[in-house]
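Only one structure is covered here, and it is reproduced in the block below.
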Amino acid sequence: VAIRVTSSPALAALCKAFDGPLVSTSANPAGLPPPHSIWELRRYFGTTLPAFPGAIDPAGKPSTIRRVEDGSVIRG
């Protein structure tokens with residue numbers, strides 16, 4: 014079991030508003046780079062996927078993934 018840790022203020026605020034974690038998958042299909050715009054997200058998934066409004070930092074790095082048991086970094 015692992016958790017994804019984000020540095021995004023918007024996503025942190027969303028988790029705080031829900032008073033819990035946000036459960037989701039990656040925003041890119043396996044083997045493809047993460048999207049850096051809503052256009053790229055729509056190219057991957059079409060318009061049926063709901064998207065959280067906000068800017069995507071093109072220089073931003075993927076979120077850190079940590080093991081729940083001990084907090085060690087799996088990817089980050």
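When we follow this note's numbering, the leftmost residue of the sequence shown carries the number 14, and every step to the right adds one. Ideal Cβ positions, reconstructed from N, Cα and C, are used throughout, including at glycine.
In whole angstroms, what separates the C-alpha of R55 from that of S85?
Cα-Cα distance, rounded: 33 Å.
Here's the rule I'm using: 16 or more other beta-carbon atoms within 10 Å means buried, otherwise exposed. How should R88 be labelled?
Exposed is the call here.
Answer yes if the stretch 23-31 comes into contact with the stretch 43-52, meaning at least three C-beta pairs across the two stretches below 8 Å, and no otherwise.
Flag = no, the stretch 43-52 and the stretch 23-31 do not touch.
Taking the beta carbon of R80 as the centre, do at least 16 other beta carbons fall within 10 Å, making it buried, or is it exposed?
The residue is exposed, with fewer than 16 neighbouring Cβ atoms inside 10 Å.
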